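Undergrad: Sending over a structure as structure tokens; questions will come in a sec.
In the numbering used here, the protein residues as written are 3 to 146.
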């Protein structure tokens, strides 16, 4: 079945749609959708080639769907690349960029890099905020 026909069938009704505001954008929670926008370009269901980036305990997991897999296969053919947390941001961004650049889905390169950097920022531990300093009249009053 062609990807255009699949999109026409699932465009209006599927279980991944998120409609918050009637006039606002329509979001989607489907796997493989990098921007979580409900559109044919970013759809993980209607495209034969998808890039899915997820956060895991060990780091980032980059999964791509193999488009020329046999339809009679027991499991859907997917290729997975894992990047450890301690490898650093540059390495994980390089792995994601190379997957997108090598002719798989170059149009999704910017979205994949954005999702990767957002996941890396969410994994970082936040620094503790320094204590507030007393200034002005309160500081002068506390010094006897």
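The C-beta atom is built at its ideal place from N, Cα and C for all residues, glycine as well.
These figures come from a predicted structure and were not determined experimentally.
#1: Would DSSP call residue 61 helix, strand or coil?
#2: Please determine if the segment 94–105 and the segment 18–38 are in contact, where contact requires at least 3 C-beta pairs separated by less than 8 Å.
#3: State the beta-bridge partners of residue 19 as determined by DSSP.
#4: For residue 101, report the span of its alpha helix (DSSP H) as first-last.
#5: With a CB to CB cut of under 7 Å and the five nearest residues on each side skipped, what residues in its chain are close to residue 118?
#6: For the beta strand (DSSP E) that residue 83 lies in, which residues bound it at each end?
#7: Can you confirm whether the segment 84–91 touches the segment 108–116 when touching is taken to mean that 3 or more C-beta pairs between the two stretches lie within less than 8 Å?
#8: Out of 13, 36, 17, which has the shortest C-alpha to C-alpha gap to residue 110?
#9: I'd like to check one pair, residue 5 with residue 50: are the Cβ atoms closer than 8 Å?
#10: Answer with buried or exposed for residue 52, where buried requires no fewer than 16 other C-beta atoms within 10 angstroms of its C-beta.
#11: How close, in whole Å, do the beta carbons of residue 71 and residue 79 come, if the pair is a contact with beta carbons under 8 Å?
TA: According to the structure shown:
#1: strand
#2: no
#3: 30
#4: 91–101
#5: 55, 62, 94, 95, 98
#6: 80–86
#7: no
#8: 36
#9: yes
#10: buried
#11: 3 Å
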